[in-house]
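Start counting the sequence shown at 5; every next residue gets the next number (my numbering). The C-beta atom is built at its ideal place from N, Cα and C for all residues, glycine as well.
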Amino acid sequence: MTKPAPSFYFPAPRTEKFCSQCGSALIRRIPPDDSHMRDVCEHCGAVHYQNPRNVVGTIPVWGDKILLCRRAIEPRYDKWTLPAGFMELSETLDQGALRETQEEAGAQIKMGPLYTIIDVPHANQVHLFFLATVLSPELHPGPESLEAGFFDKSEIPWGELAFRTVSTTLEHYFEDKPSGKYPVRHYDITMAVAH
Ligand SMILES: [Zn+2]
Numbered sequence: 005m006t007k008p009a010p011s012f013y014f015p016a017p018r019t020e021k022f023c024s025q026c027g028s029a030l031i032r033r034i035p036p037d038d039s040h041m042r043d044v045c046e047h048c049g050a051v052h053y054q055n056p057r058n059v060v061g062t063i064p065v066w067g068d069k070i071l072l073c074r075r076a077i078e079p080r081y082d083k084w085t086l087p088a089g090f091m092e093l094s095e096t097l098d099q100g101a102l103r104e105t106q107e108e109a110g111a112q113i114k115m116g117p118l119y120t121i122i123d124v125p126h127a128n129q130v131h132l133f134f135l136a137t138v139l140s141p142e143l144h145p146g147p148e149s150l151e152a153g154f155f156d157k158s159e160i161p162w163g164e165l166a167f168r169t170v171s172t173t174l175e176h177y178f179e180d181k182p183s184g185k186y187p188v189r190h191y192d193i194t195m196a197v198a199h
């Protein structure tokens with residue numbers, strides 16, 4: 005039996021050691037009127053909140069085939085994934101997903117609607133995938149990908165996918181494909197069946 009793919013990218017580091025406001029050492033405690041442990045600076049009083057991060061990506065469709073990339077970076081080096089990555093500051097969800105698709109596959113795409121929203125609370129992440137149409141079969145994988153290619157349902161390396169959010173998004177896509185309707189799906193990966 006193959007081990008189920010992990011459902012997350014590397015989580016954000018838990019704590020910073022020093023205050024970004026004044027440089028003093030931080031301590032971990034629950035501030036007054038709060039309910040969570042935080043990194044607190046007792047020198048200047050700053051509370052350094054940490055919040056979930058968005059991972060944004062696409063399901064790039066070329067006819068009957070889906071564009072996948074083989075990862076050239078950890079985690080999950082050598083495994084296949086939909087193009088996706090951490091959202092950058094100052095960009096929208098769509099812009100982030102488009103950027104990641106261009107960076108990882110060098111693909112020309114037209115962005116479509118949001119398709120899956122997947123909470124990954126144990127990794128402090130939310131993964132969001134957009135439908136996208138590939139405009140040209142020409143690909144130029146970037147340094148984060150060993151290769152990129154197009155796969156129909158039977159060709160997808162189901163046992164070699166990098167993340168559970170990717171395998172689940174692909175499974176939903178092929179479930180919806182016969183109807184041609186792709187309603188937004190939102191769920192919690194910790195409740196999803198492991199693949
Ligand atoms: Zn401080």
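In the structure shown, the three-state DSSP call for histidine 190 is strand. Within a 10 Å sphere around the beta-carbon of alanine 29 sit fewer than 16 other beta-carbons, which makes this residue exposed.
For alanine 29, the CB stays at least 6 Å from every heavy atom of ligand 1. Just so you know, the alpha carbons of glutamate 78 and glutamate 46 end up roughly 36 Å apart. Nearest Cα to glutamate 95 within the set Phe155, Asp68, Pro87, Val59: Val59. If you check the C-beta of glutamine 25 against ligand 1, you find a heavy atom less than 6 Å away.
By DSSP's assignment, aspartate 123 forms a beta bridge with Val130, Asp192.
Setting aside the 5 residues that flank it on each side, valine 44 is surrounded in the same chain by Leu30, Ile31, Arg32, Arg33, Pro35, Ala50, Val51, His52, each with a C-beta closer than 8 Å to its C-beta; the list follows chain order. DSSP places leucine 71 in no alpha helix (DSSP H) but in the uninterrupted beta strand (DSSP E) bounded by 69 to 75. The three-state secondary structure of proline 161, taken from DSSP, is coil.
Ranked by Cα distance from serine 140, the options Ala109, Phe133, Pro147, Leu132 are led by Ala109.
Taking the Cβ of alanine 166 as the reference point, every heavy atom of ligand 1 lies at 6 Å or farther away. Per DSSP, reduced to three states, the secondary structure at glutamate 151 is strand. Within a 10 Å sphere around the beta-carbon of proline 182 sit fewer than 16 other beta-carbons, which makes this residue exposed. The beta carbons of tryptophan 84 and leucine 135 sit about 19 Å from each other, so the pair does not count as a contact at 8 Å. Cysteine 48 sits exposed, since fewer than 16 C-beta atoms from the chains shown fall within 10 Å of its C-beta. Following the DSSP letters along the chain, one finds arginine 103 inside the alpha helix (DSSP H) bounded by residues 97 to 109.
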